[in-house]
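The structure appears below as structure tokens.
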Amino acid sequence: MPADKSPVHYFVDTNVWLYALIVNNDAQKHQIAAEIVRGANVVVSTQVINETCVNLLRKANLSETQLYDLIVAFYAKYEVIATEAQVLLRASRLRAHYSLSFWDSLVVASAIESACNILYTEDMQDGLIVEGQLTIVNPFHTLA
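With numbering that gives the first Met the number 0 applied, the sequence shown covers 0 to 143.
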């Protein structure tokens, strides 16, 4: 049987976006995160866009014009998944099975619903495979 040739889809969590978008004292994390978000087949949810925007307003003092342009860029460059009933219901099942927080379960459910293979985040268990489909990867785990 031939190997599966379907492209790998990556879901990127808020913390990775913040490292990619804010140049700070951690140049290694910035470089790794920036490379991840430049990749093909990147998926993001409306929840992650909201979290990223509010943090950029607080931490990077983005202007409303810059924020507007960022939101436009998210929708132009990436696949965006909305938090619909199906995502909320799957998140509930995931919380019961994997003991995830409310917000983390929404991220994981969004990634699974959008057929992602990898979820890049530093906030969850590195290497955890969820529902046999999604692998959680901390892209910064070797930087300790």
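Backbone N, C-alpha and C define an ideal beta-carbon position, used for all residues, glycine too.
Given the structure is predicted, the values throughout are model-derived calculations rather than measurements.
Check whether Ile79 and Val41 have beta carbons under 7 Å apart: It is Val, not Ile, that sits at residue 79 in the sequence shown. Taking 7 Å as the cut-off, the beta carbon of Val79 is found no closer than this to the beta carbon of Val41.
Straight-line gap, Ala72 to Val106 (C-alpha atoms, nearest Å): Distance from the CA of Ala72 to the CA of Val106, rounded to the nearest whole angstrom, comes to 20 Å.
Stretch-stretch touch, CB-based, cutoff 8 Å, three pairs: the segment 99-115 with the segment 75-91: Yes: at least three Cβ pairs fall under 8 Å.
According to DSSP, residues forming a beta bridge with Phe10: DSSP lists Val42 and Leu118 as partners of Phe10.
Beta carbon of Asn14 nearer than 7 Å to that of Glu130: Going by beta carbons, Asn14 and Glu130 fall outside the 7 Å limit.
Selection from Pro138, Leu133, Ala90 and Gln124 that minimises the alpha carbon distance to Gln46: Minimum Cα-Cα distance from Gln46 among the listed residues Pro138, Leu133, Ala90 and Gln124 corresponds to Ala90.
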